[in-house]
């Protein structure tokens, strides 16, 4: 008699819920001002919108605007200002803080390929790639 152990396996139906298209208001990255299109603020979609979200999330200090944003939104990069750690330690901290900031967004899958240049000792330039549900982004902060 052949035993059928399939009765012990639960057959789970997985429903995949599609996420709505990601949208964000367009901003000028140099001034931080919204970009208007006629009388309305220009709306971006998909990766272009995610570029704006990444920029704003990294520029917003976490826990400062809790009446507007959740505790998950924003970065803690300002905590590195004035620290006396070695460059390798500072770089590792900043990379982890950037990942912590960005990976709360369900549209962002991965952050990788970080390059930190310290031409200006106090304000490093950080370039990295972001893998999203829409493709790949190259970011510089």
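Residue numbers (this note's numbering): 1315 to 1455.
For every residue, glycine included, the Cβ atom is placed at its ideal position computed from N, Cα and C.
In whole angstroms, what is the alpha-carbon distance linking residue 1365 and residue 1400? 30 Å
Could you round the C-beta distance between residue 1360 and residue 1335 to whole angstroms and report it? I think they count as a contact, below 8 Å. 6 Å
Reduced DSSP secondary structure (H/G/I, E/B, other) of residue 1354: strand
In whole angstroms, what is the alpha-carbon distance linking residue 1431 and residue 1417? 23 Å
Closer than 8 Å: residue 1437 CB and nearest the ligand MG heavy atom: Ligands displayed in this structure: none; no statement on the ligand MG is therefore possible.
Note down the Cα distance separating residue 1450 from residue 1439, rounded to an integer number of angstroms. 20 Å
Is DSSP giving residue 1444 helix, strand or coil here? strand
Which class does residue 1466 belong to by DSSP, given the choice of helix, strand or coil? An answer regarding residue 1466 cannot be provided, because it is not within the stretch 1315 to 1455 covered by the chain.
Tell me the residue span of the beta strand (DSSP E) that contains residue 1451. 1449-1454
If we count the other Cβ atoms within 10 Å of its Cβ and call it buried at 16 or more, is residue 1355 buried or exposed? exposed
Taking the Cβ atom as the reference point for each residue, do residue 1455 and residue 1358 lie within a distance shorter than 9 Å? no
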